[in-house]
Each structure stands twice: as structure tokens, then as C-alpha cells.
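Read through the structure below, which is laid out as C-alpha cells, and then see the notes.
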Amino acid sequence: MDSSQLHQENKELKIINAIAHQLNREVGLQAALKNSLQHTVELLGLNTGWIWLVHQQTQSVYLAASHNLPPAFTQQPEKLSGWCWCIEKYLTDRMDTTVNISEISCSRLKDLEHGTAGLRYHASVPLFSGREKIGIMNVLTSESRQMTETKLQLLHTIGDLLSMSVQRAQLFEESKTQGAREERRRLSRGLGEHILPTIDRLLIKLQAAQLPHLKEDIQSITQSLRESEQLADHLLTAVQEMQDTLKDMAATEAQPATPLRYPGPPLSSREKEVLTQLQSGKTNKQIADELFISERTVKFHVSAILQKLDAANRMEAVQVAMQRGVLSV
350 MDSSQLHQEN KELKIINAIA HQLNREVGLQ AALKNSLQHT VELLGLNTGW
400 IWLVHQQTQS VYLAASHNLP PAFTQQPEKL SGWCWCIEKY LTDRMDTTVN
450 ISEISCSRLK DLEHGTAGLR YHASVPLFSG REKIGIMNVL TSESRQMTET
500 KLQLLHTIGD LLSMSVQRAQ LFEESKTQGA REERRRLSRG LGEHILPTID
550 RLLIKLQAAQ LPHLKEDIQS ITQSLRESEQ LADHLLTAVQ EMQDTLKDMA
600 ATEAQPATPL RYPGPPLSSR EKEVLTQLQS GKTNKQIADE LFISERTVKF
650 HVSAILQKLD AANRMEAVQV AMQRGVLSV
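Per the working numbering, numbering through the sequence shown is continuous, rising by one, with the last residue being 678.
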């Protein structure tokens with residue numbers, strides 16, 4: 350091995366070590382993806398990149414991280430949604446190693462005349478955990494030649510590290526989710542075993558208290574009893590709704606995986622505004638007043654948000670958005 354080969358191998362080891370060190374510093378998925386992608390692009394002398402991930406529950410592919418996107422994509426984010434050549438190859442089991450893709454083959458670059466920052470080639474790095482599909486990392490260069498085999502092999506190694514990091518982060522999130530599931534089960538049991546019987550006993554006592562022999566201030570007492578009964582009824586309804594919500598969430602968790610799907614359209618600026626309001630726990634009316642729009646428009650945006658984030662309800666939409674970095678904590 351001559352000095353130039355030794356120098357090259359040392360350089361590659363330094364890059365791999367830097368990426369591994371960065372990944373080990375991060376427990377959260379979003380930070381791990383963002384920082385490792387930035388390090389990969391910068392250390393390999395590339396221009397930009399993005400990472401697609403497969404959502405394990407919904408089996409939908411979504412844009413999980415990006416770095417230094419060209420104007421064509423920042424100004425028209427919908428260009429990064431829908432079908433593309435590399436995702437199709439990956440989902441149909443025809444991409445199992447890192448490959449070069451030219452601007453002619455890349456469905457996201459080939460029809461763009463402006464705003465591409467001169468990007469010519471990108472390498473697609475498939476991410477796997479055994480046979481399980483994790484996602485794809487695309488890194489792009491403006492160089493007029495394809496990436497070398499050495500660089501592709503290096504990217505493949507980085508992809509293996511990234512796959513392990515993604516899986517670790519997902520397991521970490523699952524551990525928290527499992528804790529939340531247990532808490533919901535505990536809460537549901539508590540509602541059934543303690544709160545509902547207490548309300549029932551309260552109603553029985555209230556009904557028994559309405560005895561005909563009460564003479565003193567009977568009108569006032571009756572009115573108070575009626576108000577107490579109404580409050581108890583409202584509480585009972587609220588508790589039952591809470592139980593129904595818990596059951597719905599449990600049913601959502603138990604749903605089987607759906608077929609893999611291509612990336613959906615991104616959230617619009619207005620949808621992000623509505624999502625931020627949802628994070629604050631505001632009602633449709635409060636959101637409408639805050640954003641100077643109608644409640645009907647708010648409902649429309651909420652429906653679109655749930656669909657785009659593959660969420661069953663508002664709480665889940667906020668949670669997914671936080672996991673993907675759309676919302677901050």
C-alpha cells in the first residue's frame with residue numbers, strides 16, 4: 350500500500366469515525382438525522398442531501414431530514430413529494446446497494462430548468478435493518494462526473510451506521526410509547542374501577558335525597574340537587590368520552606400495517622400555523638379567532654393535517670409533527 354492509498358484510507362476512517370461519533374451523541378431521531386446528514390455532505394465535499402424514512406406503523410415514506418436544499422425545492426417543496434425513480438426501485442426491492450443516479454434519471458431534477466444550484470448527480474443510499482426497509486439517503490453533487498466507487502462504498506458504510514442509529518432512535522421512541530400505552534391502560538382501568546362507580550353512588554345519593562318529607566326550603570334544596578345531578582351527568586359523559594378516546598387510541602395502535610406509500614404533499618404555511626395552534630390545545634373557534642378565518646376553514650385544515658401526517662387525531666398529529674421536526678417542543 351503506497352502513501353496515497355494510506356492517506357485515502359485514513360481520510361475515510363476519519364469520516365466514518367466523525368459520523369459515528371455524531372450519531373452516538375444523539376438519542377432523538379430528528380437530531381440524529383439532521384446532524385449526520387450535514388456531516389456526510391460536508392465531509393465528503395458534496396452539495397446537498399435529504400433522507401426519506403419509512404414510517405413503520407403507516408408504511409408511508411416521508412421526508413425526514415434535508416440539508417442545504419436548492420431554491421427549486423425550498424420554493425416549491427411539493428417537488429419533494431410523490432413518486433420518484435429511486436424510491437420506486439427501493440420499495441420494489443430493486444435497490445440493495447448505493448448507486449449513482451444522474452440528473453437525467455432523477456425524476457426530481459430532470460424537468461427543472463432553474464433553481465437546481467447546478468446539481469448533476471446524486472447517490473442513493475438504501476437503509477436497511479436486516480430485511481426491514483428503513484429509508485433512503487440521497488446526497489447530491491454539482492460535479493460533472495459520477496461519484497467514484499470508493500465514495501459509494503464509503504456512503505454505504507455511513508448508511509449502515511445511519512440505519513442502526515434510526516433503529517435505535519425508533520426503539521427509544523417505542524419505549525416511551527409503550528410507557529404511554531401502559532399509562533392509558535392504567536387510566537382506563539382507573540376510570541372503570543374507581544371514578545365511574547363513585548359517580549354512580551353520587552347519583553344514587555342525590556336521588557335518595559329528594560325525599561317528600563323535606564319541608565324546609567324545599568324549592569332551594571331541589572334546585573341544588575338538580576344542579577348537582579346535572580354536574581354529575583356532565584362528569585359522567587366526560588369520563589365516558591375519555592374512555593372512548595382511550596379505546597380508539599388502543600384500536601389505532603392495533604391496526605395492521607398498510608402497503609408502502611410514496612411521500613405525500615408537504616404541509617402548507619397555513620396548515621403549519623393551524624398545527625401550531627393545535628399544539629397549544631386551542632379549539633377550532635379559538636384557532637379561527639386567532640388566525641382570522643372561519644371555523645369551517647379550520648376544520649378543513651385540520652382534516653388535511655391529519656391526512657398528510659397519517660394521524661388519527663389532533664394529539665397524534667402534534668406528536669408526529671414533533672417527531673419529524675415540523676414542530677418544536
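We treat Cβ as the ideally placed atom computed from N, Cα and C, and that holds for glycine.
Helix, strand or coil: how does DSSP classify residue i here?
i, result
"Ala-660", "coil"
"Leu-563", "At Leu-563 the pLDDT is 48, less than 50, meaning the model places this residue with poor confidence; the figure from the coordinates comes in the next sentence. Note: Leu-563 maps to coil in three-state DSSP."
"Ala-466", "coil"
"His-370", "helix"
"Phe-521", "helix"
"Phe-649", "helix"
"Leu-676", "coil"
"Ser-618", "helix"
"Leu-458", "coil"
"Ser-473", "strand"
"Ser-514", "helix"
Grab the span of the alpha helix (DSSP H) containing residue i for me, first residue to last.
i, result
"His-388", "378 to 392"
"Glu-375", "Where Glu-375 is concerned, there is no enclosing alpha helix (DSSP H), given that its DSSP letter is neither H nor E."
"Leu-429", "Run containing Leu-429: none; DSSP gives neither H nor E here."
"Ile-636", "633 to 640"
"Pro-420", "420 to 423"
Report, in whole angstroms, the separation of the C-beta atoms of residue i and residue j, which I expect to be a contact under 8 Å.
i, j, result
"Ile-436", "Trp-399", "Not a contact, Cβ separation roughly 12 Å."
"Ala-518", "Gly-377", "6 Å"
"Leu-429", "Arg-457", "7 Å"
"Leu-501", "Thr-447", "5 Å"
"Met-444", "Ser-473", "7 Å"
"Leu-395", "Thr-490", "5 Å"
"Asn-379", "Gly-674", "In the sequence as displayed, the identity of residue 379 is Gln instead of Asn. Yes, they are in contact, since the Cβ atoms of Gln-379 and Gly-674 sit about 4 Å apart, within 8 Å."
"Ala-381", "Leu-392", "Ala-381 to Leu-392, Cβ: 16 Å. No contact."
"Glu-644", "Lys-657", "Not confirmed; about 20 Å, so no contact."
"Gly-464", "Pro-612", "Contact flag wrong, Cβ pair sits at about 20 Å."
Taking residue i as part of the beta strand (DSSP E), name the residues at either end of that continuous run.
i, result
"Trp-434", "It is not in any beta strand (DSSP E) - Trp-434 instead sits in the alpha helix (DSSP H) that spans 434 to 440."
"Pro-488", "Note on residue identity: the sequence assigns Val, not Pro, to residue 488. From DSSP, the beta strand (DSSP E) with Val-488 extends over 481 to 490."
"Val-448", "448 to 451"
"Thr-397", "397 to 403"
"Leu-412", "410 to 416"
Go through its chain and collect everything with a Cβ distance to residue i's Cβ below 6 Å, but skip five positions before and after it.
i, result
"Ala-466", "Pro-419"
"Phe-422", "Lys-428 and Leu-429"
"Met-664", "none"
"Leu-461", "Ala-421"
"Val-669", "Leu-658 and Ala-660"
"Ser-514", "Leu-372 and Ala-381"
Spatial neighbours of residue i within its chain, please: CB distance less than 8 Å, with the 5 preceding and 5 following residues excluded, ordered by chain position.
i, result
"Ile-365", "Leu-503, Thr-506, Ile-507 and Leu-510"
"Glu-427", "Pro-614 and Pro-615"
"Val-623", "Ile-636, Leu-640, Val-647, His-650, Val-651 and Ile-654"
"His-562", "Note that His-562 scores 48 on pLDDT, short of 50, meaning its location in the model is unreliable; the coordinates nonetheless yield the value given after this. Correct list: empty, nothing qualifies."
"His-416", "Lys-383, Leu-386, Gln-387, Val-390, Thr-397, Gly-398 and Trp-399"
"Gln-516", "Ser-478 and Ile-483"
"Val-667", "Leu-624, Leu-627, Gln-628 and Leu-676"
"Glu-492", "Arg-469 and Tyr-470"
"Glu-292", "There is no way to answer for residue 292, as the model of the chain reaches only from 350 to 678."
"His-370", "none"
"Glu-698", "This structure cannot settle anything about residue 698, because the visible part of the chain is limited to 350 through 678."
"Ala-414", "Gln-379, Leu-382, Lys-383, Leu-386, Trp-399, Ile-400 and Gly-674"
"Arg-494", "Tyr-470"
Under 7 Å: does the beta carbon of residue i sit that close to some heavy atom of the ligand PLP?
i, result
"Asp-460", "Only the bare structure without any ligand can be found here, which leaves the ligand PLP out of the picture."
Quick one: what's got a C-beta closer than 7 Å to residue i's C-beta in the same chain, skipping five residues either side?
i, result
"Thr-389", "Ile-368, Gly-398, Val-488 and Ile-507"
"Val-455", "The amino acid occupying residue 455 in the given sequence is Cys; Val does not appear at that position. If we look at Cys-455 and ignore the five residues flanking it on each side, its Cβ neighbours are Trp-434 and His-471."
"Ser-512", "Leu-476, Phe-477, Ser-478 and Ile-483"
"Glu-375", "Ala-381 and Asn-384"
"His-404", "Tyr-411 and Asp-659"
"Gln-424", "Gly-464"
Problem set entry | Three or more C-beta pairs below 8 Å linking the stretch 358 to 365 and the stretch 471 to 486 | no
Exercise. Using 8 Å as the threshold, is the stretch 635 to 648 in touch with the stretch 436 to 445, meaning 3 or more CB pairs across them?
Worked result: no
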